[in-house]
Amino acid sequence: MTGMERVPMGPPWSVDLIADLHAGVLPPEVAAQLRPRVEADAEAAEILWALDATLEDLHALPPIPMPADVAARIDAALAAEARPVAPVVSLDEARKRRNRRLGLGSGVLVAAAAAFGIVFAVAPGGSDQSTPPAAQDSPKPTSAAQAEPPLAVKESELGAAVGEVLKAQNYGPLETPDRLAGCLQGGGITSSGKPLGISPINLEGRDAVMAILPAGLGQYRLVVLDPNTCGPDKPEGVLEDETIKPR
Amino acid sequence: MITLAKVRSVTAAASSDADLISAHAAGDPYAFAELVKRHRDRMWAVALRTLRDPEEAADALQEAFISAFRAAASFRAESQVTTWLHRIVVNACLDRMRRRQTRPTVPLPEAGPGEPVAPRDAMSDRETSLMVQQALMELPEEQRAPIVLVDVEGYSVAETAKLLGIAEGTVKSRCARGRAKLAKVLGHLRNRIADANVPADGVNVQEQRQWEGR
């Protein structure tokens, strides 16, 4: 500040100059001299009033709630980001599980590996080094995923499938969100928006669909449906319904 | 029985934003989503009002929240969680605005002689809000962002200057320009005054620049 700023001559003054005065842009000593002169002029005072009215309009703008579809999309992205990499199991238990699964098809092996975040370092016999390990494949789009065998899940280890299901939006035999909504309604389960993840599974030899739904305040609801029997008014089609709560 | 529940850490007891950030840093997979849930409506309003396009606003928010998720573990409580999160969102929006800067700005509508743009007293609150929102959308981006933050969201000039990375004088000056345009579009300025006194943007520019850096 030099103390020698020029006080703009007037009236009249431009709207921009009065807007500067109103917004506190002018140096304090200029503003102090200009303000009483502006307020004493009817036309300039009217501009000040108009700027005040504009501010009131802006302050009064209502909040804009995030649309449900955007909220669901962001929830799903964060859920995928927070996806548990691998449940904590002992080495012995992991070996037992691996040995049990080695007898199953390679598709199940891949699915189980992906669910546990495990990369198998040893390629199956006959494959060469140029073949990338199957477990490192990126998630496939829904149409491709439908062609793969469904994820094999044990009733006692539903939680282990959560990571894989969260990556999918594959309605499988349920086909549409409407069918899913009907099946959930049959079980008295209310849920708004898209599931965070949904995928066909093989539940101990039985075709089923697992859906993971938001259940408020850091909670998730894991639902397993029988696509052959579920529907509105058919609670028997809900095979599993568990809320996953923080401790 | 859900075995996964047994390995989850605590979210339920976390109540403040700082608690949630700490829980997130400690590995709670739900804490950050809860933090976002608390603030997402306000962030959405900022993103939508700044970027104008819902799809772009959604993309910017998703990008911002994922970036915040990854950075949150190193967050230090020197600044408020909301300010920190807001800064990430505003930066994501500004990045998008800069990337599309070649897009022409929609010109402000011209008022007919002697008539306000719209008869104010006949409008319901909702209609007024829509009109204000529409007018805001038509401001140039460099004026809209500070007006959204200062006049709509209630941030101080100093906070806004930090968020936008510009001088406080520039925030005030851009707000002044934007408010003058809005006053005309919203019909608060009689057109006789506006036509006579609202100059082209170039008028007073020299004095303006002299004062802006303060």
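Quick mapping for you: the protein sequence lines, in order, are chains A and B.
When the letters of the first sequence are read in order and numbered with UniProt numbering, they come out as residues 1 to 247.
When the letters of the second sequence are read in order and numbered with UniProt numbering, they come out as residues 1 to 214.
The C-beta atom is built at its ideal place from N, Cα and C for all residues, glycine as well.
- The beta carbon of A72/B sits closer than 7 Å to the beta carbons of I21, H24, A25 and F32 from its chain, once the five residues preceding and following it are set aside; these are given in chain order.
- Taking the Cα of V185/B as reference, the smallest distance to any Cα among G163/A, A82/A and A50/A is reached at A50/A.
- Interface flag for I189/A against chain B is unset, since no Cβ pair is found closer than 7 Å.
- Contact between D41/B and P65/A holds, since their C-beta atoms are separated by about 5 Å, short of 8 Å.
- Here DSSP, grouped into helix, strand and coil, assigns K172/B to helix.
- Between L61/B and A77/A, the alpha-carbon positions lie close to 11 Å from each other.
- Fewer than three beta-carbon pairs drawn from the stretch 167-186 of chain B and the stretch 81-91 of chain B are found closer than 8 Å, and the two stretches are therefore not classed as touching.
- Per DSSP, G163/A has no beta bridge partner at all.
- DSSP places D41/A outside both helix and strand once states are collapsed to three, so it counts as coil.
- For L26/A, no beta strand (DSSP E) encloses it, and the DSSP letter there is neither H nor E.
- Taking a C-beta distance under 7 Å as the contact criterion, E55/B and A92/B do not qualify as a contact pair.
- Residue environment for T50/B: buried (at least 16 other C-beta atoms within 10 angstroms of its C-beta).
- For R179/A, the enclosing alpha helix (DSSP H) stretches over residues P177 to G186.
- With its beta carbon at least 7 Å from every one in chain A, V89/B lies outside the interface.
- Under the criterion of beta carbons closer than 8 Å, R144/B and G178/B qualify as touching, at roughly 7 Å.
- Inside the stretch 136-184 of chain B, DSSP marks whole alpha helix (DSSP H) runs of 4 or more residues at positions 141-147 and 157-164, from first to last along the chain.
- Around the CB of H59/A, fewer than 16 other CB atoms lie within 10 Å, so the residue is classed as exposed.
- Apart from sequence neighbours up to five positions away, the residues of its chain that approach P11/A with a beta-carbon distance below 7 Å are D41, E43 and A44, ordered along the chain.
- Identification of chain B residues near T229/A by a Cβ-Cβ cut-off of 8 Å yields none; the smallest Cβ-Cβ distance measures about 23 Å.
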